[in-house]
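So the structure is just underneath, and the comments pick up after that.
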Amino acid sequence: MYVFEDLMKVLKDSNRPYDFDKITEAYRYAEKAHDGQMRQSGEPYITHPIAVAQILVELGMDTETICAGLLHDVVEDTSSTIEEIKKIFGADVALMVDGVTKLTKMQFVTKEEEQMENLRKMLMAMAKDIRVILIKICDRLHNMRTMEYQSARKQKEKALETMEIYAPIAHRLGMQRIKWELEDLSLKYLDPIGYDEIVSKLDAKRQEYEDFMRRTQDQIDQRLNDLNIQHIVYGRMKHPYSIYRKMFNQNKSLDEIFDLFAFRVIVNTVGDCYNVLGVIHDLYKPILGRFKDYIGTPKPNGYQSLHTTVIGADGLPFAVQIRTREMHETA
Ligand code: MN
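In the working numbering, the protein residues as written are 147 to 477.
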């Protein structure tokens, strides 16, 4: 069971200047307020706000937001009032708790034509204090992580809402990892068979894929070092939901997905971008028609990068994005 001591450890390990007394006070208040309440899992309710607070710490949020995370359900679910929160923890924390409470009560519609209305509502709340949305996203993430204890109907309902509202907002806020996790958890409930199929295939090849990623990254790294091109290179694997979309929308098998693996190379100058492209095409055979020069011709939103797809060792294809540091920050 996840307890406050675990959260304290994460807070200390972060090495950020947190106000431990204030956070402890928020925890004590929340624990007392939720006393006797249980989660569907049978655990004390307080484990939920603690877990939400931990995700907020991982996102690098400040003391005020951590306190609001611990207190985010007290007004909705207990006899506590915003006035009381304000008196004890200050206006900043109270405004956030109030914002999250209002957002929780908001009814979202999940019909496609009304998507814009949902996003508009969220954006309105965001304009006041973006931290409110961050707390709400962390709240949803923990609820999705523990969704197995809910009824099948609730699972589907929440998964759909998460896919249509929360994941797109996480994406817009640049929280890629949380977006991926929200999508994967949603898929698990929206199409359990499709999800299991992908996850079990990936699991079977995990070792092979990890070796491939490491070898390829080392190879690129080595060659660029030999040529004295200053760079950062790293790779990522597509996550289950993104694979699912390709497999089922484009009717492809796992082996036919060209960008199951992708590497990114970040360099100092535009000239270096084209040099690295040359190096990649020299090391690996490029796939015809997959090269795109978004540096020469940026996307309408200003996005710039070189994209290519090549065939690596063992015939495994992978995508490569090459860009300068500046382009990377813009992206
Ligand atoms: Mn909650």
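In this text, a Cβ means the ideal position worked out from N, Cα and C, and glycines have one as well.
> For the beta strand (DSSP E) that contains V413, what are its first and last residues?
Replying inline: F407 to V413
>> Nearer than 6 Å: is that true of the beta carbon of D285 relative to any heavy atom of the ligand MN?
In response: yes
>> Taking the beta carbon of R286 as the centre, do at least 16 other beta carbons fall within 10 Å, making it buried, or is it exposed?
In response: buried
> What are the boundary residues of the beta strand (DSSP E) that Q200 is part of?
Replying inline: First-last for Q200: T193 to E204, but that is the alpha helix (DSSP H), not the beta strand (DSSP E).
> Looking at V413 and the ligand NAP, is the gap between the Cβ and the nearest heavy atom below 6 Å?
Replying inline: Within the structure as shown, the ligand NAP is missing, the only ligands being the ligand MN.
> Is D167 near the ligand MN, going by C-beta to nearest heavy atom under 6 Å?
Replying inline: no
> Any chance the region 363 to 370 sits against the region 390 to 408, with 3 or more Cβ pairs inside 8 Å?
Replying inline: no
> For Q396, does the three-state DSSP call read helix, strand or coil?
Replying inline: coil
> Starting from Q467 and walking both ways along the alpha helix (DSSP H), at which residues does that stretch end?
Replying inline: Per DSSP, Q467 belongs to no alpha helix (DSSP H); it is in the beta strand (DSSP E), P463 to T470.
> In terms of residues, what are the limits of the beta strand (DSSP E) holding L452?
Replying inline: L452 to I457
> Using the C-alpha atoms, what's the distance from A459 back to D152?
Replying inline: 43 Å
>> Looking at V220: is its Cβ nearer than 7 Å to the Cβ of A176?
In response: yes
> Any chance the region 353 to 367 sits against the region 385 to 397, with 3 or more Cβ pairs inside 8 Å?
Replying inline: no
>> Report the CB separation of V456 from I426 in whole angstroms; it is logged as a contact under 8 Å.
In response: 6 Å
> What is the C-beta distance between I196 and Y148, in whole angstroms, given that I count them as a contact (C-beta under 8 Å)?
Replying inline: 6 Å
>> Taking a contact to mean a Cβ-Cβ separation below 7 Å, would you say A214 touches I324 in this structure?
In response: no
> From what residue to what residue does the beta strand (DSSP E) around I378 run?
Replying inline: H377 to M383
> Taking Cβ positions only, does V379 come closer than 7 Å to chain C?
Replying inline: Although the question refers to chain C, the structure presented lacks it and comprises just one protein chain.
> Do L202 and T193 have their CB atoms nearer than 7 Å?
Replying inline: no
>> Output needed for A305: all residues of its chain with C-beta closer than 7 Å, excluding positions within five of it in sequence on either side, in chain order.
In response: S332, Y335 and L336
> Which of helix, strand or coil does DSSP assign to P446?
Replying inline: coil
> Per DSSP, which one or two residues make a beta bridge with D372?
Replying inline: According to DSSP, D372 bridges with nothing at all.
> Is M290 helix, strand or coil when you go by DSSP?
Replying inline: helix
>> Which same chain residues end up closer than 8 Å to M359 when comparing Cβ atoms and leaving out the 5 residues on each side of it in sequence?
In response: G381, M383 and F407
> Residues bridged to H314 by DSSP?
Replying inline: The amino acid occupying residue 314 in the given sequence is Pro; His does not appear at that position. The partner list for P314 (beta bridge, DSSP) is empty, contrary to what the question assumes.
> Hey, is D342 close to the ligand MN, as in C-beta under 6 Å from one of its heavy atoms?
Replying inline: no
> Under three-state DSSP, which class holds P386?
Replying inline: helix
> Apart from the five residues on each side of it in sequence, which residues of its chain come closer than 7 Å, Cβ to Cβ, to M473?
Replying inline: Q450 and S451
>> Can you tell me whether D439 is helix, strand or coil according to DSSP?
In response: strand
>> Among Y295, D244 and E307, whose alpha-carbon lies nearest the alpha-carbon of R277?
In response: D244
> Considering only the beta carbon of each residue, do T227 and K168 sit closer than 7 Å?
Replying inline: no
>> Using the three-state DSSP reduction, which class does P163 fall into: helix, strand or coil?
In response: coil
> Using CA coordinates, which residue listed in P463, G340 and A313 is at the minimum distance from T362?
Replying inline: P463
>> Alpha carbons only, please: which of T470, V239 and F409 is nearest the one belonging to Y440?
In response: T470
> By how many angstroms is the C-alpha of M309 removed from the C-alpha of E329?
Replying inline: 6 Å
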